[in-house]
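S.K.:
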Amino acid sequence: MPTHDIPQTAGDLAVTVVADLYRAVTGRSPRALRAYQDEDALLVLLRFDPQEMHVDPDDGVEPLLQTAFMAMPGMVATAVHARSGAQLVPGNLSVCPERGLAVFAFTEAEPVALADLGARPALRLVG
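Mapping to the working numbering: the sequence shown position 72 is 72, numbers consecutive.
(1) When the Cα atoms are used, what is the spatial distance from A41 to D58?
(2) Check the C-beta distance from V44 over to V15 and give it rounded, since I have them as a contact under 8 Å.
(3) Could you tell me which whole alpha helix (DSSP H) segments of length 4 or greater appear in the stretch 29–98?
(4) Determine the contact status of L33 and L46, defining contact as a CB-CB distance below 8 Å.
(5) P97 and P50 - do their beta-carbons sit closer together than 8 Å?
(6) Using only CA atoms, which one of H81, D38, F69 lies nearest to D53?
(7) Just how far apart, CA to CA, sit E108 and P63?
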(Lines of atoms letter the chains of each structure in order from A and count residues from 1; the text may use other names and numbers.)
(Lines give C-alpha, C1' and ligand atoms only; values in the text may rest on other atoms or scores of the structure.)
Protein backbone atom coordinates (compact mmCIF):
# COMPACT_ATOMS: atom_id res chain seq x y z
CA MET A 1 0.00 0.00 0.00
CA PRO A 2 1.44 3.42 -0.91
CA THR A 3 2.45 5.75 1.87
CA HIS A 4 0.51 9.01 1.90
CA ASP A 5 1.72 12.24 3.47
CA ILE A 6 -0.58 13.57 6.16
CA PRO A 7 -2.73 16.27 4.52
CA GLN A 8 -2.71 19.69 6.17
CA THR A 9 -5.71 21.25 4.38
CA ALA A 10 -8.88 20.11 2.67
CA GLY A 11 -7.14 20.98 -0.61
CA ASP A 12 -4.25 18.64 0.19
CA LEU A 13 -6.69 15.87 1.03
CA ALA A 14 -8.72 16.54 -2.14
CA VAL A 15 -5.51 16.19 -4.22
CA THR A 16 -4.76 12.85 -2.55
CA VAL A 17 -8.29 11.59 -3.24
CA VAL A 18 -8.25 12.76 -6.89
CA ALA A 19 -4.88 11.06 -7.42
CA ASP A 20 -6.18 7.80 -5.94
CA LEU A 21 -9.36 7.92 -8.04
CA TYR A 22 -7.44 8.70 -11.24
CA ARG A 23 -5.03 5.84 -10.51
CA ALA A 24 -7.97 3.47 -9.93
CA VAL A 25 -9.44 4.35 -13.36
CA THR A 26 -6.29 4.52 -15.49
CA GLY A 27 -3.79 2.38 -13.60
CA ARG A 28 -1.21 5.19 -13.45
CA SER A 29 -0.60 8.49 -11.71
CA PRO A 30 -1.70 11.82 -13.24
CA ARG A 31 0.96 13.80 -15.12
CA ALA A 32 0.52 16.65 -12.62
CA LEU A 33 -1.91 17.52 -9.86
CA ARG A 34 -2.20 20.81 -7.95
CA ALA A 35 -4.67 22.52 -5.65
CA TYR A 36 -5.16 26.27 -5.37
CA GLN A 37 -7.19 27.69 -2.51
CA ASP A 38 -8.32 31.24 -1.79
CA GLU A 39 -10.43 31.47 1.35
CA ASP A 40 -13.35 29.09 0.70
CA ALA A 41 -12.70 28.60 -3.05
CA LEU A 42 -10.72 25.49 -4.03
CA LEU A 43 -9.52 24.52 -7.51
CA VAL A 44 -7.93 21.14 -8.23
CA LEU A 45 -6.05 20.94 -11.54
CA LEU A 46 -5.22 17.55 -13.01
CA ARG A 47 -3.02 16.99 -16.09
CA PHE A 48 -3.48 13.71 -17.94
CA ASP A 49 -2.37 12.07 -21.18
CA PRO A 50 -4.70 13.39 -23.91
CA GLN A 51 -4.74 9.89 -25.46
CA GLU A 52 -6.77 8.75 -22.43
CA MET A 53 -9.73 10.71 -23.86
CA HIS A 54 -9.34 9.48 -27.45
CA VAL A 55 -12.58 8.11 -28.93
CA ASP A 56 -12.11 5.13 -31.22
CA PRO A 57 -14.01 5.95 -34.45
CA ASP A 58 -14.89 2.27 -34.87
CA ASP A 59 -16.92 1.99 -31.69
CA GLY A 60 -17.75 5.63 -30.85
CA VAL A 61 -17.90 4.77 -27.14
CA GLU A 62 -16.93 7.62 -24.85
CA PRO A 63 -13.76 6.95 -22.86
CA LEU A 64 -14.07 5.59 -19.33
CA LEU A 65 -12.00 8.52 -18.05
CA GLN A 66 -14.58 11.03 -19.32
CA THR A 67 -17.32 9.29 -17.35
CA ALA A 68 -15.06 9.01 -14.30
CA PHE A 69 -14.31 12.75 -14.38
CA MET A 70 -18.04 13.51 -14.22
CA ALA A 71 -18.40 11.33 -11.10
CA MET A 72 -15.23 12.50 -9.31
CA PRO A 73 -16.38 15.82 -7.76
CA GLY A 74 -19.05 14.14 -5.65
CA MET A 75 -16.75 11.28 -4.70
CA VAL A 76 -13.97 13.71 -3.72
CA ALA A 77 -16.34 15.78 -1.56
CA THR A 78 -17.67 12.65 0.15
CA ALA A 79 -14.20 11.21 0.79
CA VAL A 80 -12.83 14.50 2.14
CA HIS A 81 -15.80 14.82 4.50
CA ALA A 82 -15.55 11.19 5.67
CA ARG A 83 -11.81 11.43 6.30
CA SER A 84 -11.61 14.90 7.84
CA GLY A 85 -15.00 16.43 8.54
CA ALA A 86 -14.32 19.22 6.04
CA GLN A 87 -17.37 19.98 3.91
CA LEU A 88 -16.54 20.53 0.22
CA VAL A 89 -19.38 21.52 -2.08
CA PRO A 90 -18.67 20.42 -5.67
CA GLY A 91 -18.89 23.17 -8.27
CA ASN A 92 -18.01 23.21 -11.95
CA LEU A 93 -15.92 20.66 -13.79
CA SER A 94 -14.02 21.70 -16.89
CA VAL A 95 -12.23 19.13 -19.05
CA CYS A 96 -10.07 20.01 -22.07
CA PRO A 97 -9.24 16.67 -23.73
CA GLU A 98 -6.92 18.26 -26.30
CA ARG A 99 -4.69 19.75 -23.59
CA GLY A 100 -5.06 16.90 -21.12
CA LEU A 101 -6.42 19.18 -18.41
CA ALA A 102 -9.28 18.75 -15.93
CA VAL A 103 -10.23 21.47 -13.44
CA PHE A 104 -12.46 20.66 -10.47
CA ALA A 105 -13.99 23.56 -8.50
CA PHE A 106 -15.18 23.26 -4.89
CA THR A 107 -16.34 25.55 -2.12
CA GLU A 108 -15.18 24.69 1.40
CA ALA A 109 -18.36 25.20 3.40
CA GLU A 110 -17.09 24.17 6.83
CA PRO A 111 -13.31 24.58 7.23
CA VAL A 112 -11.82 22.30 9.90
CA ALA A 113 -8.32 21.75 11.26
CA LEU A 114 -6.83 18.62 9.70
CA ALA A 115 -3.62 18.38 11.71
CA ASP A 116 -4.78 15.32 13.69
CA LEU A 117 -5.34 12.94 10.75
CA GLY A 118 -2.24 10.83 11.41
CA ALA A 119 -4.25 7.91 12.78
CA ARG A 120 -6.87 7.92 10.02
CA PRO A 121 -6.56 5.25 7.33
CA ALA A 122 -5.60 6.23 3.80
CA LEU A 123 -8.15 5.82 1.04
CA ARG A 124 -7.97 2.21 -0.06
CA LEU A 125 -8.90 1.10 -3.53
CA VAL A 126 -10.58 -2.28 -3.73
CA GLY A 127 -10.65 -4.08 -7.03
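The beta-carbon is built from N, C-alpha and C at its ideal position, and this holds for glycine as well.
Owing to the predicted nature of the structure, the values given are computational and were not obtained by experimental measurement.
M.R.: For this structure:
(1) 41 Å
(2) 6 Å
(3) 64–84
(4) yes
(5) yes
(6) The question names Asp, but residue 53 in the sequence shown is Met. With distances taken between Cα atoms, M53 lies closest to F69.
(7) 30 Å
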